[in-house]
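Note that this note's numbering gives residue 687 to position 82 of the sequence shown, counting from 1, and the numbers run on in steps of one. C-beta atoms are modelled at their ideal positions from N, C-alpha and C, and glycine is treated no differently. Fair warning: this is a prediction, and the values are worked out from it, not measured in the lab. Before any comments, here is the structure.
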Amino acid sequence: MITVSDILLSKKWLPLVLIIIILAGIASRMVYINADAPQDISISAAIYTDEGFKTYSPRNKVLFGNWKWTPEDEYRSWVNTSPVATGAYTWIFDHFGVSFLTIRSLSVLYGVMTILLIALFLFHCYGIPTALVGTAFFSINFFVIMFNRLGLYETHLLFYATLTFVLLYGTWNLWRRTFPLKNSQSRITLLFTILFMILLMAGAATSFITGFYIKKSITLILVAIIPAIILSIATLHGSLNTRRPIIFSTIIAFIFVFYLLFAHLSFLHTHLDSIFNIRILGTKIESILPLRDLAPLYVFVGKGLYREFIFLQPIILFFAFYYSVYTFYKFSFRQDRISVDLFLASWFFFGLVLLMMLQYNPARYFLMLSVPAAILSARGLYALAAARFSDFRKASRPFAINLVLAIASFFAVLYSAVILYVHIIPFSIRNRLYDMVYPHAISGNLDKALPVIIPVGAGVILVAFLFFLFRKKISNWIFSPSSAVTLLLIIIVFHTFQTGRWIINHDNNLYTVSAELGDTLPENAVIAGSWSAGLVCENRMRALIIQSKNTYNYALLKKIIHNQPVTVYRLKEGNPVREQETNIPLYFAVSPNVIFEKKIVQEFGEFIRPDRLIRNVRLGYFDLQIYRIR
């Protein structure tokens, strides 16, 4: 059978091309390391603030000798919940200093290690052609590259999740190959195999626990592969093995009913309190799996139509999703044998469903699905080239499979307009439209935004209608085996273009303003606000984190405003000492026109005046303003 790689180049060049892909992935993660993240990867402000949050305590430890620069700081920080990341950043800052370069270098390292791990895993499981395509889909993926550059925990977590998966797969694969033949092997060989399996399992457990102590959401992946585990266990029992279709349909029905009930009937949550309050490694299940905070259907659909994870890699995710459903179909309804595809499909498919259901699910959470998405899309592209989807498309499929594909088709048609909107309309125009709508939306005066909403909405409906009208022709072309190479080239060009456009047009606003504040403001100044931690990464000033959703540090901020003595830590001859400080220069960083700053603006509005404004900077969708308080 002719494969995609056979058409593109001869096999002798594949190892060299794989090396080039890996090097390209490394270079794209390191180039302009101080540059701002592009606004398209997340509508959340976290891509500009959370690097400071995540490194706040290590920075304080290195610069001031304590996890907090003042014992009066009430910000919880990540010292206790993420000791692995905290320890790593503390070591890096202690040896190389505090800067965006050192913060992001750790993420780049984890991103590169993940690329290498994927390449080795795919080479072992599927051979070098699939390793080439799958590694490329992760290595040059614009969404993945941009998050791998940021100092956020999700990139760290993805490496440990992938390593855990690979080690567990190695254990399972070794068991599958050894124990059916145990009578034909010597006891010494069997003993060494068992010991090696124990070693692999110990490594997987260590990797998982390490990830858990970076961020506990690694457990979402474990939950996502539970359906694959259930289906796999069923194959070990004769009576259950024949009921795979019923088991799969039951899993789909359970998730569907559970979501409809618990997302819309809040009184049901009280019946699960005893379960949600159970602690695992000292942490409540509610913190690990926030199923009490499910988005109702209108939010699920509304937010679901603007997912950066989807519109920045539509073709990759299309094949990943379709191949996942195809894998479940073959295993559950055609009695296919267990393979690693089943577990990857479960990780991706049920992980996507779970994240989409949550009320709070920013773009960075979906990074956890990038590894199975890259691998499954490569598998899907090869399945297309080998014409393996033909029978699946023509066959009379079971209701559970048709339901899943129908929902996916609905979103695909609507997303066609979103994809064109994002990739054709320039940033400047989109930001102007955003500025014309958002202030009216948060104030409840949507009627004033109708001159923008109506034509944009009409355009979205028109594009979606055209895609619906020509859906059969589009579908027939996509699923033609002859289109595999074209689609592969489109994916490569699409992601290379996005990265290239960012390289040409990137901004350095966050780095620049942080460095300039360090040059112009007193070194002992305090910058307060929800943006503060990110503004001190290139200087030695102190951040005081203030957020609308909680009232911590409000009292401390008012204490500094009224020039009352504040206890602070300082390093003297390498040792931290406590001192009382007054006359602290104080500044406030806020984005007044966004809803998540509304409470802050109300509380400290007397200081947010034009005569106190010292700096204004644009960060993606947000206008960040810095005011002098005292």
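Please report how far the alpha carbon of residue i lies from the alpha carbon of residue j, in whole angstroms.
i: SER744; j: HIS869; result: 40 Å
i: ILE812; j: LEU773; result: The amino acid at residue 812 is misidentified as Ile; the sequence shows Ser. Those two C-alpha atoms are separated by around 10 Å.
i: THR1104; j: ILE857; result: 37 Å
i: ASN639; j: LEU963; result: 32 Å
i: ILE607; j: TYR987; result: With a pLDDT of only 47 at ILE607, under the threshold of 50, the placement of this residue in the model should not be trusted; the figure read from the coordinates follows. Between ILE607 and TYR987, the C-alpha separation is close to 9 Å.
i: TRP618; j: ILE883; result: 54 Å
i: VAL1061; j: ARG1214; result: 34 Å
i: ARG849; j: PHE948; result: 15 Å
i: HIS842; j: ALA833; result: 15 Å
i: LEU623; j: ASN746; result: 15 Å
i: THR660; j: SER995; result: 51 Å
i: ILE1058; j: GLY775; result: 52 Å
i: MET751; j: PRO643; result: 8 Å
i: PHE1015; j: ASP645; result: 23 Å
i: ILE1238; j: ILE1034; result: The requested residue 1238 does not occur in the structure, where the chain is confined to residues 606 to 1235.
i: LEU845; j: LYS999; result: 28 Å
i: SER929; j: LEU1162; result: 51 Å
i: THR769; j: ALA690; result: 17 Å
i: SER662; j: ALA1063; result: 48 Å
i: ALA1138; j: THR654; result: 7 Å
Compute the distance between the beta-carbons of residue i and residue j, then report whether it is under 8 Å.
i: GLY1123; j: ARG1145; result: yes
i: SER712; j: ARG664; result: no
i: THR675; j: TYR1159; result: no
i: ILE1284; j: TYR1192; result: This structure cannot settle anything about residue 1284, because the visible part of the chain is limited to 606 through 1235.
i: LEU1019; j: ALA983; result: no
i: VAL976; j: THR735; result: no
i: LEU825; j: GLY956; result: yes
i: PHE1073; j: LEU917; result: no
i: PHE1227; j: ALA650; result: yes
i: ASN677; j: THR1172; result: Here the sequence assigns Glu to residue 677, which means Asn is not the residue at that position. Yes, they are a contact pair.
i: ILE851; j: LEU836; result: no
i: TYR731; j: TYR1157; result: no
i: SER575; j: LEU1093; result: The shown model of the chain, from 606 to 1235, leaves out residue 575, and the question about it has no answer.
i: ILE943; j: THR840; result: yes
i: LYS666; j: TYR758; result: no
State the DSSP-derived secondary structure class of residue i, mapped to helix, strand or coil.
i: ILE624; result: helix
i: VAL717; result: helix
i: PHE863; result: helix
i: PHE1070; result: helix
i: TYR1192; result: strand
i: ALA1148; result: strand
i: LEU841; result: coil
i: LEU922; result: helix
i: ARG681; result: coil
i: LYS673; result: coil
i: LEU896; result: coil
i: ARG993; result: coil
i: GLN940; result: coil
i: ILE607; result: Residue confidence is low: ILE607 scores 47 on pLDDT, short of 50, so the model does not pin down where it sits. No coordinate-derived value is stated.
i: PHE1109; result: In the sequence on display, residue 1109 carries Ile and not Phe. Reduced to three states, the DSSP call for ILE1109 is helix.
i: PRO688; result: helix
i: ASN1168; result: coil
i: GLY956; result: helix
i: SER822; result: helix
i: LYS1154; result: coil
i: ILE1030; result: coil
i: ASP641; result: coil
i: GLU913; result: helix
Residue i bridges to which residues according to DSSP?
i: GLU1184; result: VAL1173
i: LEU1218; result: TYR1232
i: ILE569; result: The requested residue 569 does not occur in the structure, where the chain is confined to residues 606 to 1235.
i: LEU1224; result: PHE1227
i: LEU963; result: LEU899
i: LYS889; result: ARG884
Excluding the 5 residues preceding and the 5 following residue i in the sequence, name in chain order all residues of the same chain whose CB lies nearer than 6 Å to its CB.
i: PHE764; result: TYR715, MET718 and THR719
i: GLY670; result: TYR1174, LEU1176 and PRO1181
i: ASP641; result: ASP1112, ASN1114 and LEU1115
i: LEU1008; result: none
i: PHE1201; result: SER1153
i: ILE612; result: Summary for ILE612: the model assigns pLDDT 47, below 50, so the residue's position carries little reliability; its value from the coordinates is reported in the next sentence. VAL1090.
i: THR740; result: ILE626, ILE723 and ALA724
i: GLU1186; result: VAL1171 and VAL1173
Can you list, in chain order, the residues of its chain with a C-beta nearer than 7 Å to that of residue i? Leave out the 5 residues immediately preceding and following it.
i: ILE1166; result: LEU1191, ILE1234 and ARG1235
Which residues in the same chain have their Cβ closer than 8 Å to the Cβ of residue i, if we skip the five residues on either side of it in sequence?
i: LEU562; result: It is not possible to answer for residue 562, since the shown part of the chain is limited to 606 through 1235.
i: ILE921; result: PHE742, ASN746, ALA978, ALA979, SER982 and ILE1096
i: ILE1101; result: Per the sequence presented here, residue 1101 reads as Thr, with Ile not at that position. Result list for THR1101: ILE745, in chain order.
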